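Asker: Position one of the sequence shown corresponds to residue 19 (our numbering), numbered consecutively onward.
This is the structure I have questions about; it appears just below.
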Amino acid sequence: MIYRQVQNTDLLVSVIGYGGWGAGIKGWPDVSEKKVCESINEAIKYGINIFDTSPLYGNGMSEAILGAMLSSWRKYVIISTKFGLVDNGFGKIQHDLSRDSMLRELDTSLTRLKTDYIDIYTVHFPDGINSLENVFNELLLLKKNNVIKNIAASNLSIENVRIAHSCGVTIIQNKFNLIDSNDVNEIIPFCKANSMGYFAYSPLSQGLFTDKINADFKLSKKDVRRFNPVFSNSNNFSNALTIKESLAVSPLYSSLKYVLETDGVTTALITMTRPEHVRQNVKIIESIL
19 MIYRQVQNTD LLVSVIGYGG WGAGIKGWPD VSEKKVCESI NEAIKYGINI
69 FDTSPLYGNG MSEAILGAML SSWRKYVIIS TKFGLVDNGF GKIQHDLSRD
119 SMLRELDTSL TRLKTDYIDI YTVHFPDGIN SLENVFNELL LLKKNNVIKN
169 IAASNLSIEN VRIAHSCGVT IIQNKFNLID SNDVNEIIPF CKANSMGYFA
219 YSPLSQGLFT DKINADFKLS KKDVRRFNPV FSNSNNFSNA LTIKESLAVS
269 PLYSSLKYVL ETDGVTTALI TMTRPEHVRQ NVKIIESIL
């Protein structure tokens, strides 16, 4: 496995990380807990050391599974989880970055993950209510108490990335792939110039750049991708397939090559719900880097 240093931290992360949304099982077709557990073991076997999750993924299922599977490997792995998106109990997701909500989510995540600290604690989305400066200051207090080791923020604009940097945030986690590539213009260069880590999530555009997705693909009613405009909008989906079909080599290879060879990208967080997914991705990155 190849590793990259996250500047201004003591983190050395594998160039591909385990994206834990699929480990939540809910909303992902043909995903089983058994195969998810096998994929986590396979990731550890191949040297993947960063595991990214959220309380939102499967209503805590992802954190619980990762907590159980990683407990004996705790000191060897980097666990990243998030806060700020809360299920209100009525099927609606609320944005809440308030201090009280943050502390409740953190306490629950620590319990599920079977750990007394979080390596990377991430603002999932800005909520438009609580100022990011205040949120980051609260996180700095948690960091001083060693409950969290590093602070990250996800789904930020360039303006908010600048705020994050000024407040001591060391990692930005944004969507980045062959379709959603805007970050290459400003955000990734800013992160590189200011020694911030950049973690690319959804590098395969939620499976679009795999062999499973073609023009005949249909979303089930419970598929989480129904909220992704690339899949839910027919014109967007058609345009995305055109991009996919234009690639000279395999879409999977092309996607990972593009993301991981972009100067300033630290790691690509990939949903891998079967052990063969891990082996396939590791083989590709070893041929790229």
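The beta-carbon is built from N, C-alpha and C at its ideal position, and this holds for glycine as well.
Just so it is clear, the structure is predicted and the values come from calculations on it, not from any experiment.
#1: Within the continuous beta strand (DSSP E) that includes Ile-43, where are the two ends?
#2: Assuming the contact rule is C-beta atoms closer than 8 angstroms, Thr-284 and Tyr-216 should be a hit. Round their C-beta distance to whole Å, please.
#3: What residue from Ser-116, Glu-294, Asp-229 and Lys-236 has the CA that sits closest to Asn-152's CA?
#4: Taking the C-alpha atoms as reference points, what is the distance between Val-267 and Asn-299?
#5: Between the Cα of Phe-208 and the Cα atoms of Pro-221, Leu-222 and Ile-181, which residue gives the shortest distance?
#6: Following the continuous alpha helix (DSSP H) through Ile-176, name the residue where it begins and the one where it ends.
#7: Enumerate, from N- to C-terminal direction, the unbroken beta strand (DSSP E) stretches of 3 or more residues contained entirely within the region 71-110.
#8: If we call anything under 8 angstroms between Cβ atoms a contact, is Ile-34 one with Cys-55?
#9: Below 8 angstroms on the Cβ atoms is my contact criterion, and I expect Asp-118 with Ser-98 to pass it. Report the Cβ-Cβ distance as a whole number of Å.
#10: Do you know offhand how far Lys-132's Cα is from Leu-88's?
#11: Go through its chain and collect everything with a Cβ distance to Pro-293's Cβ below 8 angstroms, but skip five positions before and after it.
#12: Using only the alpha-carbon positions, how far apart do Tyr-36 and Ser-149 sit?
#13: Can you check whether the CB of Ile-62 is closer than 8 angstroms to the CB of Ile-96?
#14: How far does the alpha helix (DSSP H) with Leu-131 in it extend, from its first residue to its last?
#15: To which residues of the same chain is Gly-225 closer than 8 angstroms at the C-beta, ignoring the five residues directly before and after it?
#16: Starting from Asn-168 and walking both ways along the beta strand (DSSP E), at which residues does that stretch end?
Answerer: According to the data block:
#1: From DSSP, Ile-43 is part of no beta strand (DSSP E); its letter is neither H nor E.
#2: 5 angstroms
#3: Ser-116
#4: 15 angstroms
#5: Among Pro-221, Leu-222 and Ile-181, the Cα nearest to that of Phe-208 is on Ile-181.
#6: It spans 176-184 - the alpha helix (DSSP H) in which Ile-176 sits, taken as one unbroken run.
#7: 96-101 and 103-105
#8: no
#9: Rounded, the Cβ-Cβ distance is 22 angstroms, inconsistent with contact.
#10: The alpha-carbon atoms of Lys-132 and Leu-88 are separated by roughly 9 angstroms.
#11: Lys-53, Glu-56, Ser-57, Asn-59 and Glu-60
#12: 30 angstroms
#13: no
#14: Unbroken run through Leu-131: none, as it is neither H nor E.
#15: Its chain contains Ile-231, Arg-243 and Thr-289 as the residues whose beta carbon lies nearer than 8 angstroms to that of Gly-225, once the 5 sequence neighbours on both sides are disregarded; these appear in chain order.
#16: Under the DSSP assignment, Asn-168 falls in the beta strand (DSSP E) whose first and last residues are 166-172.
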